[in-house]
Amino acid sequence: MNRTDLVLTPTHLRFMNRRFPRTIGRGGVTGRKAEGDGATPRGTHCIVGMLYRPDRMARPTDWALPIRPGDLWSDDVRDPDYNMMVRVPHRFGHENLRRADPMYDLIILTDWNWPYAVKGRGSAIFLHQWRGPGRPTAGCVAFSRADLCWIARHIRHETRLVIV
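Residues in the sequence shown are numbered consecutively from 10, following the working numbering.
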């Protein structure tokens, strides 16, 4: 591990010599992730992208891509595009990336079960805005908006999410 890694500990996330309060999945941390278990997968995960709502915030980095109306994320194991970003219309189960609430105004994407997804092993693990301190996610890692924006601005090409 190095100073550019996002290191998730049992009590916080450490990044660039700072500590950030965070929430994780309602199922805790696991080494055996499955779709719908609500757990956050243990391991070392590369950062592979960043998405943001241009109608709600300025572009956080030059490599962040806008979330457009109709952008979805497939979480249906029957979908040939399981664990991929897809667009409406989409007949399989999915998550809307352009939510009414601010939770997905900024999404940092990891390579969990991507790009060659094993069906049932769990769909995307995002870093996103929390619903509130201590309120668990469905498996993602979540932060206050201010902390998430700070993290997004300081991520480097070599940054990884390390969940111990």
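The C-beta atom is built at its ideal place from N, Cα and C for all residues, glycine as well.
These figures come from a predicted structure and were not determined experimentally.
Residue closest to residue i, alpha-carbon to alpha-carbon, out of the options
{"i": "ARG77", "options": "ASP88, LEU60, ASP90", "result": "LEU60"}
{"i": "ILE134", "options": "CYS55, THR20, THR18, PRO63", "result": "CYS55"}
{"i": "LEU136", "options": "VAL127, ILE160, ARG144, ASP85", "result": "ILE160"}
{"i": "ASP64", "options": "ARG51, ASP114, ASP90, THR20", "result": "ASP114"}
{"i": "HIS103", "options": "GLY79, ILE172, ARG12", "result": "GLY79"}
{"i": "GLY45", "options": "ASP85, TRP121, HIS21, VAL171", "result": "ASP85"}
{"i": "MET112", "options": "GLY143, ARG162, GLN138", "result": "GLN138"}
{"i": "PRO19", "options": "THR13, MET10, ARG51, ALA43", "result": "ARG51"}
{"i": "THR70", "options": "ARG12, CYS158, ARG27", "result": "CYS158"}
Integer-rounded CB distance, given that residue j should sit under 8 Å from residue i
{"i": "VAL95", "j": "LEU81", "result": "5 Å"}
{"i": "GLY148", "j": "GLY47", "result": "6 Å"}
Collapsed DSSP secondary structure at residue i in the structure displayed
{"i": "LEU157", "result": "helix"}
{"i": "HIS21", "result": "coil"}
{"i": "HIS54", "result": "strand"}
{"i": "ARG62", "result": "coil"}
{"i": "ARG144", "result": "coil"}
Sequence ranges, beta strand (DSSP E) only - wholly within the stretch 72-140, length at least 3: Counting whole runs of 3 or more residues, the stretch 72-140 contains the beta strand (DSSP E) stretches 80-83, 94-96, 103-105, 115-119, 135-138.
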